[in-house]
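**Q** According to this note's numbering, the sequence shown holds residues 1 to 517 in order. Take this structure first; my questions come after.
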Amino acid sequence: MSAHAASTLRKTVVIDIVALTQDLITNENTPFLASYLYPSGRFPATTVADIQPAFPAVTCTAQTTYLTGTGPSEHGILGNNTFDREFGERISELAPKRQPRPCPRLFERVKRADPNATTFSSFWWFPMGDRFIDYALTPRPQYLANNGKVADIWTKPEHLRHSLQRELGTFPLHDFWGPTASIASSKWIVDSTICVDKMYDPTFSVIYLPHLDYALQHTSTDHTHPTIAKDLKEIDAEVRRLVHYYEHHPANPRVIILSEYGIQPVTRPVHINRNGGETLDPYASIAFAIPDHQVAHVYVNDQSSFPPKSGNVVGGPAARVSADHARVVSHVQAVLEAVPGVKSVLRGRDSADVDRHYDPTGRWRVSDHDAGSRARVGDLVVVADHDAWFTYYYWERESNAPDFAYTVNIHRKPGYDPVEMYHAYPLLGKIYLLLKVVLVYLLHFRGIIDNTRFDADRIRGSHGATHDLPRRYWPVLGTRSPELVEHALGRKVDTGAGSIVRAEDVAGIIWAHLTRE
Numbered sequence: 001m002s003a004h005a006a007s008t009l010r011k012t013v014v015i016d017i018v019a020l021t022q023d024l025i026t027n028e029n030t031p032f033l034a035s036y037l038y039p040s041g042r043f044p045a046t047t048v049a050d051i052q053p054a055f056p057a058v059t060c061t062a063q064t065t066y067l068t069g070t071g072p073s074e075h076g077i078l079g080n081n082t083f084d085r086e087f088g089e090r091i092s093e094l095a096p097k098r099q100p101r102p103c104p105r106l107f108e109r110v111k112r113a114d115p116n117a118t119t120f121s122s123f124w125w126f127p128m129g130d131r132f133i134d135y136a137l138t139p140r141p142q143y144l145a146n147n148g149k150v151a152d153i154w155t156k157p158e159h160l161r162h163s164l165q166r167e168l169g170t171f172p173l174h175d176f177w178g179p180t181a182s183i184a185s186s187k188w189i190v191d192s193t194i195c196v197d198k199m200y201d202p203t204f205s206v207i208y209l210p211h212l213d214y215a216l217q218h219t220s221t222d223h224t225h226p227t228i229a230k231d232l233k234e235i236d237a238e239v240r241r242l243v244h245y246y247e248h249h250p251a252n253p254r255v256i257i258l259s260e261y262g263i264q265p266v267t268r269p270v271h272i273n274r275n276g277g278e279t280l281d282p283y284a285s286i287a288f289a290i291p292d293h294q295v296a297h298v299y300v301n302d303q304s305s306f307p308p309k310s311g312n313v314v315g316g317p318a319a320r321v322s323a324d325h326a327r328v329v330s331h332v333q334a335v336l337e338a339v340p341g342v343k344s345v346l347r348g349r350d351s352a353d354v355d356r357h358y359d360p361t362g363r364w365r366v367s368d369h370d371a372g373s374r375a376r377v378g379d380l381v382v383v384a385d386h387d388a389w390f391t392y393y394y395w396e397r398e399s400n401a402p403d404f405a406y407t408v409n410i411h412r413k414p415g416y417d418p419v420e421m422y423h424a425y426p427l428l429g430k431i432y433l434l435l436k437v438v439l440v441y442l443l444h445f446r447g448i449i450d451n452t453r454f455d456a457d458r459i460r461g462s463h464g465a466t467h468d469l470p471r472r473y474w475p476v477l478g479t480r481s482p483e484l485v486e487h488a489l490g491r492k493v494d495t496g497a498g499s500i501v502r503a504e505d506v507a508g509i510i511w512a513h514l515t516r517e
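Quick look at the structure:
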């Protein structure tokens, strides 16, 4: 008997198609999703809703909001990247690890409701060390002494790491992120998910398919663009394969399709850390920014001061004369508000404006009682215009850039770097990359895989800002059980498209799929 057969909960599957919006679902490019979510005729009934996104609209915040039913001010995940003030280090929430602070998620709720139920996280974040997750897959490359990395995964139970990669091949890490990102990684995730489901039949599964996310940032947000049309068809085929597998499952599982955010077109990179010197020093700089797509947390040193007549603050060296911290924050705020491409600068944990709200309706709050969130939030939170995004670049001259800036190295860079998706030399492309890999990894020449440049103007799409965000860039939720959505929300919803749910409502909708007859 399968693990699920002993459970009183209904087998439920959540498929996260990152960056999917209703505008991208068409009969031409996504025939399966179009027919599944918008069937012709009255049956089967479906609900397709736009999700009012949590702020900031980034992966770790969205996923944690969906699984807890609480907003960022409560669950404490304020972005993909924040800063540890005590150790002076950037914290990447995208590193494969446990949730950084206690926060009940649906995995825990499922196990407490029915100890016989089992849970499965397929490439969602924060699986490690979570005792309420029975089965898990997540990327975890091996980092070598020569700064290289070897593709690998972390699994629970551990033997899955060997058995899955023996059957399916090594997880294609370089197709998951970087200049060679492709559908291969999402295909591997689908294959491995089906394998795990056949082995263990988990009651509750969440699955992460990233392919669209990178394509829309790299190439275009226009679904008529030939490359994007191809990418949409590729992910549609993988979703079709996954959904068809579950449709033929004897437990008749309920399937929810959703996304975390939409990608909106951008044309302007904003080099927020270039309002100062050539070096970002978290101990000596008056202030510095940790960029996260269209949002940046700005941290101000308590003992810093600033040159009274200078606007060069962010990233610049601290002056010798001490100044009042609040005065410094106010000065930094004024400097940032004058930067082209900055839409708003919000006060963070140490300001009189800590009760200001900023969510999709124009509000955000970091609660006074929430010490975890207040310790992680920047003194200032900067939001880009909808057509702009923030780079992490802090040097004025390329000759002063650190060596890791030329590499795919998401954990060393003090902020998100989508330019890693491009080859440094477009004409040579994969040939140059292959040559460097051979020299460094096979022939053991000392060097780095310097295949990244600073062509930030090439980025075509971004996400994170939510204020006044047009609905066509909101994430989507679709289910063939509209009555369960109504039960969770306590109100009538439209069948078909047109409804709106809050990001905080998603956990209740999933719970209704698990528990209602």
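Ideal Cβ positions, reconstructed from N, Cα and C, are used throughout, including at glycine.
(1) Excluding five sequence neighbours on each side, which residues of the same chain lie with their C-beta closer than 6 Å to the C-beta of residue 194?
(2) With DSSP collapsed to three states, give me the class of residue 473.
(3) As a quick exercise: from 23, 50 and 254, pick the residue whose alpha carbon is nearest that of residue 493.
(4) Going by beta-carbon coordinates alone, are residue 232 and residue 27 separated by less than 8 Å?
(5) When DSSP builds the beta bridges, which residues end up paired with residue 154?
(6) For residue 187, which option in 200, 209 and 167 has the closest C-alpha, if you only look at C-alpha atoms?
(7) Which runs of the beta strand (DSSP E) spanning at least 3 residues fall entirely within the region 143 to 224, listed in chain order?
(8) Is residue 331 helix, strand or coil by DSSP?
(9) With DSSP run on the structure shown, which of helix, strand or coil describes residue 16?
(10) CA-CA distance, residue 112 and residue 508?
(11) Check the C-beta distance from residue 213 over to residue 81 and give it rounded, since I have them as a contact under 8 Å.
(12) Please state whether DSSP places residue 395 in a helix, a strand or coil.
(13) Could you spell out where the alpha helix (DSSP H) holding residue 244 opens and where it closes?
(14) Nearest to residue 25 by alpha carbon, out of 159, 239 and 196?
(15) Alpha carbon to alpha carbon, how far is residue 158 from residue 419? Give it in angstroms, no decimals.
(16) Nearest-angstrom Cα distance between residue 15 and residue 170?
(17) Could you have a look at residue 311 and say whether DSSP puts it in helix, strand or coil?
(18) Whole angstroms is fine: what's the gap from residue 227's alpha carbon to residue 182's?
(19) Using a Cβ-Cβ cut-off of 7 Å (strictly less than) and excluding sequence neighbours within five positions of residue 22, which residues of its own chain qualify?
(20) Could you have a look at residue 554 and say whether DSSP puts it in helix, strand or coil?
(21) Check whether the Cβ atoms of residue 474 and residue 142 lie closer than 8 Å to each other.
(22) Going by beta-carbon coordinates alone, are residue 480 and residue 46 separated by less than 8 Å?
(23) Hey, how far is the Cα of residue 394 from the Cα of residue 347?
(24) Which two residues bound the contiguous alpha helix (DSSP H) that contains residue 492?
(25) Kindly indicate which three-state DSSP category residue 72 falls into: helix, strand or coil?
(26) What does residue 292 pair with, by DSSP beta-bridge criteria?
(27) Roughly how many angstroms lie between the CA atoms of residue 344 and residue 62, to the nearest whole one?
(28) Quick one, which of 127, 410, 178 and 79 has its alpha-carbon nearest residue 382's?
(29) Return yes when the Cβ of residue 65 is within less than 8 Å of the Cβ of residue 54, no when it is not.
(30) Looking at residue 341: is its Cβ nearer than 8 Å to the Cβ of residue 295?
(31) DSSP on residue 53, reduced to helix/strand/coil?
(32) What does a CB cutoff of less than 6 Å around residue 385 pick up in its chain, not counting 5 residues either side in sequence?
(33) Given this structure, state the Cα-to-Cα distance separating residue 7 from residue 117, to the nearest angstrom.
(34) Would the region 151 to 167 and the region 128 to 142 be scored as touching if the rule is three or more Cβ pairs under 8 Å?
(35) When you compare the CB positions of residue 513 and residue 58, do they come within less than 8 Å of one another, or not?
**A** In terms of the structure at hand:
(1) 245
(2) helix
(3) 50
(4) no
(5) 138
(6) 209
(7) 153 to 156 and 204 to 209
(8) helix
(9) strand
(10) 16 Å
(11) Not a contact, Cβ separation roughly 16 Å.
(12) coil
(13) 226 to 247
(14) 239
(15) 34 Å
(16) 23 Å
(17) Its pLDDT being 46, under 50, residue 311 is placed unreliably by the model, and the measurement read from it follows with that caveat. Of the three classes helix, strand and coil, the one that applies to residue 311 here is coil, per DSSP.
(18) 12 Å
(19) 48, 50, 476 and 497
(20) Residue numbering for the chain in the displayed model covers 1 to 517; residue 554 lies beyond these limits and cannot be assessed.
(21) no
(22) yes
(23) 22 Å
(24) Looking at the DSSP string, residue 492 is not in any alpha helix (DSSP H), and its letter there is neither H nor E.
(25) helix
(26) 295
(27) 21 Å
(28) 79
(29) yes
(30) no
(31) coil
(32) 341 and 343
(33) 5 Å
(34) yes
(35) no
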